[in-house]
Amino acid sequence: MNTTTTIEAGLVHQQFDDIGQQREAAKLGMWIFLATEVLFFGGLFLSYTVYRFVYGHAFVEASRKLDVVIGGTNTAVLLISSLLMAFAVRASKLDQRRMLTGLLLGTAFLGCVFMLLKGVEYHKDYVDHLVPRMGFKWEGADPGNAELFYWIYFAMTGLHAIHVTVGIGILLVLALLAWRNTFSNGNHNTIEIAGLYWHFVDIVWCFLFPLLYLVGHR
Amino acid sequence: MEKVVDPKIYFRTAIALLLLLAATWMIAYINLGLFNLIAALAIAITKAIVIALFFMHIKGSSRLLHLAAIAGVMWLLILISLTLSDFLTRGWTQ
Numbered sequence: 001m002n003t004t005t006t007i008e009a010g011l012v013h014q015q016f017d018d019i020g021q022q023r024e025a026a027k028l029g030m031w032i033f034l035a036t037e038v039l040f041f042g043g044l045f046l047s048y049t050v051y052r053f054v055y056g057h058a059f060v061e062a063s064r065k066l067d068v069v070i071g072g073t074n075t076a077v078l079l080i081s082s083l084l085m086a087f088a089v090r091a092s093k094l095d096q097r098r099m100l101t102g103l104l105l106g107t108a109f110l111g112c113v114f115m116l117l118k119g120v121e122y123h124k125d126y127v128d129h130l131v132p133r134m135g136f137k138w139e140g141a142d143p144g145n146a147e148l149f150y151w152i153y154f155a156m157t158g159l160h161a162i163h164v165t166v167g168i169g170i171l172l173v174l175a176l177l178a179w180r181n182t183f184s185n186g187n188h189n190t191i192e193i194a195g196l197y198w199h200f201v202d203i204v205w206c207f208l209f210p211l212l213y214l215v216g217h218r
Numbered sequence: 219m220e221k222v223v224d225p226k227i228y229f230r231t232a233i234a235l236l237l238l239l240a241a242t243w244m245i246a247y248i249n250l251g252l253f254n255l256i257a258a259l260a261i262a263i264t265k266a267i268v269i270a271l272f273f274m275h276i277k278g279s280s281r282l283l284h285l286a287a288i289a290g291v292m293w294l295l296i297l298i299s300l301t302l303s304d305f306l307t308r309g310w311t312q
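Heads up: the sequence lines are chains A and B, in that order. Last residue of the first sequence? That's 218 in my numbering, and every number before it is there in order. Last residue of the second sequence? That's 312 in my numbering, and every number before it is there in order.
So, in structure tokens, the structure goes:
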């Protein structure tokens, strides 16, 4: 706690004793926000769990129509974007301005790749008549419950896609600010908590991919 | 300046996560009955823990942050387990 340098002391807001306490408070605030996000997505995961138990067979059938290659590729894209984000946080702590800007742009770019693939996939779902209330057609045994699966699929991936979009926006603003040298000399708190958000969005997808695309065995 | 993590740890974390993705993908093509679901969930939980520990720096952070990170998960488990205690025991699943 006593490692605060003169430059860092200038960053401390008046309600905090030192820079260490200020950084800890920012991270704690972000983790509490992420706990609310867990419960936000949790409602959808709960619906998924209940309906999967009740209509397990229909869910397995419905899931097989999803494009597992796009879903799996998107998982890899997000995992690699998380790696870049982790390095961005590291660069911000080391005061590497160019590296930080580049890594933030790289992370945002992979976020855009994810959204692009998701868009291609949604379009494919539409063409295949898998979108509920928009020409949904099902040849299999249980059309009502298959449609329910697709409601849940679009709600969960849609909410996740909104989070990715927000994340891309945050990353682009931070990249601009980083280029203007805003986060130098120990002022890297913002980058760190934005990183926590991005990694959280990645974690959500780590659950969505197997639960939606790999229901039962293919 | 704050302490930073050795880049090797980030690379190893990413490689571990990609291997886990490959594992969950491949297991889906083998018919293991209920074990498919168990394996998929176990791998997803492992990935979440690995990301939280190494990318989100839960490893090496304070007890207070550990508590905040666990709190959200605990409430989610309460939500799901209490709901399932109803659905699994009262014959809703015909």
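Heads up, the beta-carbon is just placed ideally off N, CA and C, and yes, glycines get one too.
{"query": "What runs of the alpha helix (DSSP H), each 4 residues or longer, lie entirely inside the stretch 39-116 of chain A?", "result": "56-63 and 68-93"}
{"query": "Quick check on DSSP: helix, strand or coil for TRP198(A)?", "result": "helix"}
{"query": "So which residues on chain B does VAL38(A) lean against when the C-beta distance must stay under 7 Å?", "result": "GLY290, VAL291 and LEU294"}
{"query": "Tell me the residue span of the alpha helix (DSSP H) that contains THR307(B).", "result": "That residue, THR307(B), is in no alpha helix (DSSP H); it is neither H nor E in DSSP."}
{"query": "Taking contact to mean at least 3 C-beta pairs separated by less than 8 Å, is the stretch 90-107 of chain A in contact with the stretch 164-182 of chain A?", "result": "yes"}
{"query": "Identify whether LYS124(A) lies in helix, strand or coil by the three-state DSSP scheme.", "result": "helix"}
{"query": "For LEU34(A) and GLY71(A), I'd like the C-alpha separation in whole angstroms.", "result": "24 Å"}
{"query": "Within the same chain, show all residues whose beta-carbon is closer than 6 Å to that of LYS118(A), passing over the 5 residues directly before and after it, in chain order.", "result": "ALA161"}
{"query": "Could you name the residues of the same chain whose beta carbon sits closer than 6 Å to that of ASN187(A), not counting the 5 residues immediately before and after it, in chain order?", "result": "LEU11"}
{"query": "Tell me, please, whether the CB atom of ALA9(A) is closer than 9 Å to any CB atom in chain B?", "result": "no"}
{"query": "Go ahead and label ASP224(B) buried or exposed: buried means 16 or more other beta carbons lie within 10 angstroms of its beta carbon, across all protein chains shown.", "result": "exposed"}
{"query": "Can you look up VAL164(A) in the DSSP assignment and give me helix, strand or coil?", "result": "helix"}
{"query": "What are the residues in the stretch 261-274 of chain B lying within 8 Å of chain A by C-beta distance?", "result": "ILE261, ALA262, LYS265, ALA266, ILE269, ALA270, PHE272, PHE273 and MET274"}
{"query": "Under 8 Å Cβ to Cβ from ILE232(A), same chain only, skipping five residues before and after it: list those, please.", "result": "With chain A running from 1 to 218 in the structure shown, residue 232(A) is simply not present."}
{"query": "Does the beta carbon of ILE269(B) fall short of 8 Å from some heavy atom of the ligand PLP?", "result": "Of ligands this structure carries none, so the ligand PLP is not represented either."}
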